[in-house]
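Visitor: In the working numbering, the protein residues as written are 5 to 190. Where is the CB? At the ideal position from N, CA and C, for every residue including glycine. The model shown is predicted, which means the values in this text are computed figures rather than measured ones. Could you have a look at this structure, given as structure tokens, before my questions?
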Amino acid sequence: LVYGISYKSKIGKNKLLLKDKNSTALKTINFNILNKDFKIQKINVNKKYTKPSANNIERIKRDSMKLSQARNIWIDNNPDIDFIWPVDGITTGVFGTKRYYNGVEGNYHNGYDIAAKIGTPIVAPSSGKIILTGDFFYNGKTICLDHGRGLKSIMIHLDEILVNDNDFVKKGPIVGKVGTTGKSTG
């Protein structure tokens, strides 16, 4: 069983109640969360990302709504969790890192960043349905791939998107190319 827990979950004993799509309780899982010290990353970005204009704030709201809707999509199939790396490269960011943008504290990092040369092909890390593509203010060119049962891969800051919404992809085919769009540092 793979399940992500909130960054702000309480340290110590916790319970997870598994429900089906009709909110019927299926199982309770008890688990313990240990204290973790997260890394800190200080990043310099274009000021438009730390002090967005009124027009960009409206765009950010629209983007946020689309991304939120995609996160809430549920595809009722069992995902293949034997993922492959979407691209070979250097790890430049890991989940949970506290980030400071231009000296101002931001949110924790909720992804895994792999740096590679612009234009390097990115492959589907597992099979699934493309539930969202687009060019967003912060994320830049983005692909959201739903593998089933709430497990999703989101590839952001792309140079090119080579799939369309509602496409079904197998593990391994090229879906996009590495880029530095949106709030990216290269």
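(1) What residue range is occupied by the uninterrupted alpha helix (DSSP H) comprising L71?
(2) By the DSSP assignment, the beta strand (DSSP E) with I103 in it spans what residues?
(3) Quick check on this structure: which residue in S157, D169, I9 has the alpha carbon closest to the alpha carbon of D84?
(4) Please tell me whether A119 and G93 are closer than 7 Å, where the distance is taken between their beta carbons.
(5) DSSP three-state label for K121, please.
(6) Could you check the C-alpha separation between H161 and I147 for me, to the nearest Å?
(7) Check Y112 in the structure and name its three-state DSSP category.
(8) Beta-carbon separation of E164 and K181 under 7 Å?
(9) Specify, as a first and last residue, the run of the beta strand (DSSP E) that D139 falls within.
(10) If we count the other Cβ atoms within 10 Å of its Cβ and call it buried at 16 or more, is N39 buried or exposed?
(11) Out of curiosity, what's the CA-to-CA distance linking D86 and K175?
(12) In this structure, what does DSSP give as the bridge partners for G144?
(13) Determine the contact status of I79 and G152, defining contact as a CB-CB distance below 7 Å.
(14) Note down, in chain order, each residue of its chain lying with its Cβ closer than 7 Å to the Cβ of S13, except the 5 sequence neighbours on either side.
(15) In the DSSP assignment, find the beta strand (DSSP E) that holds S157 and state where it starts and stops.
(16) Count the other C-beta atoms from every protein chain shown that fall within 10 angstroms of the C-beta of S130, then say buried if there are 16 or more, exposed otherwise.
(17) Run through the DSSP bridge pairs and tell me what N18 is partnered with.
(18) Leaving out five residues before and five after F172 in sequence, what residues of the same chain have Cβ atoms less than 7 Å from its Cβ?
(19) Mind the definition here: the stretch 44 to 52 touches the stretch 93 to 108 only if three or more C-beta pairs lie below 8 Å; say whether that holds.
Guide: Quick look at the numbers:
(1) 58 to 75
(2) Here residue 103 turns out to be Arg, not Ile, going by the sequence shown. Start and end: 102 to 105.
(3) S157
(4) yes
(5) coil
(6) 9 Å
(7) strand
(8) yes
(9) 132 to 140
(10) exposed
(11) 10 Å
(12) F140
(13) yes
(14) I37
(15) 155 to 162
(16) buried
(17) F35
(18) K133
(19) yes
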